[in-house]
Amino acid sequence: MQNGDERFFWLRRLRWRLKGAWLVPAFLLAILFDTLVVWLLPFSGDRSVGPVAALLIVAFVNLLVVAVVAPLAGIWLRRRSPTLPAFAARDRAGVAALAVLAAGFLAAGLLHRPAISGQQDEVVAQAEAARAWFHQQAPRPYLENLRDISSWKAGPQLYRTCLPGPDRSKAICVYVNTDQDPPGISRDPSQEPNATLVGPDNPGSTLR
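Numbered by the working numbering, the letters in the sequence shown go through residues 52 to 259 in order.
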């Protein structure tokens with residue numbers, strides 16, 4: 052039969068366990084929150100990475116925080132509070148680190164938001180300029196496919212925008228330079244559609 056000291060020890064340990072049992076739910080909540088943030092507010096590039104890619108990025112970084120940062124921060128926390136059990140220190144440090152990481156994702160996404168908006172405006176401007184050119188220069192059979200034009204970002208402020216013809220293996224394509232107002236346009240002698248030239252899944256491809 053346990054004496055009073057042993058019971059007190061286990062009760063005290065259970066109390067610390069309950070206080071330090073927030074790391075797992077915090078980790079799951081952080082995965083969900085961070086995935087939404089990275090998906091809806093990307094912190095780099097000019098477009099969303101998609102929910103699956105966002106989940107993979109977030110899961111890796113959060114696992115790194117739990118596996119590496121939390122134990123190291125827990126050691127530092129125990130030095131400041133020697134009476135704090137190791138598992139409780141690790142859990143507290145892990146929860147704090149996950150919160151800091153989530154705040155970092157959110158801040159980075161908000162700071163990068165103007166760049167995303169500027170990129171979207173640029174895509175719209177080049178598409179409108181290309182449509183105006185197609186209206187003036189493209190043969191009538193091509194104009195029936197104006198809703199199907201595609202754009203590929205060939206470089207900084209440079210897009211290749213194509214209007215497919217009746218034969219979808221051929222298109223009228225132009226290069227649109229958005230570093231001037233209005234955008235500059237030059238015709239590409241090649242009639243290869245963007246999907247053939249760079250592939251339909253190229254990160255720089257957009258449908259307008």
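By construction, the Cβ of each residue, glycine as well, lies at the ideal position given by its N, Cα and C atoms.
Can you name the start and end residues of the beta strand (DSSP E) that residue 43 belongs to?
No statement about residue 43 is possible, as the shown extent of the chain runs from 52 to 259 and does not include it.
Could you tell me the distance, in whole angstroms, from the CA atom of residue 107 to the CA atom of residue 187?
Distance between the alpha carbons of residue 107 and residue 187 is about 46 Å.
Taking buried to mean at least 16 other C-beta atoms within 10 Å of its own C-beta, is residue 127 buried or exposed?
Under this definition residue 127 is an exposed residue.
Pick out whichever of 225, 84, 245 has its Cα sitting closest to the Cα of residue 154.
Of 225, 84, 245, the residue nearest in Cα terms is 84.
Whose C-alpha, out of 91, 175, 249, 80, is nearest the C-alpha of residue 160?
The option with the nearest alpha carbon to residue 160 is 91.
To the nearest angstrom, how far is it from the Cα of residue 185 to the Cα of residue 96?
Between residue 185 and residue 96, the C-alpha separation is close to 29 Å.
With distances taken from CA atoms, which of 230, 234, 221 is nearest residue 245?
Checked all of 230, 234, 221; the closest Cα to residue 245 is 221.
For residue 162, which residues of its own chain have a beta-carbon under 8 Å away from its beta-carbon, when the five flanking residues on both sides are left out?
These residues qualify, in order along the chain: 94.
Can you find the residues in the same chain that come closer than 7 Å, C-beta to C-beta, to residue 234, ignoring five residues on each side of it along the sequence?
These residues qualify, in order along the chain: 176, 177, 180, 227, 228.
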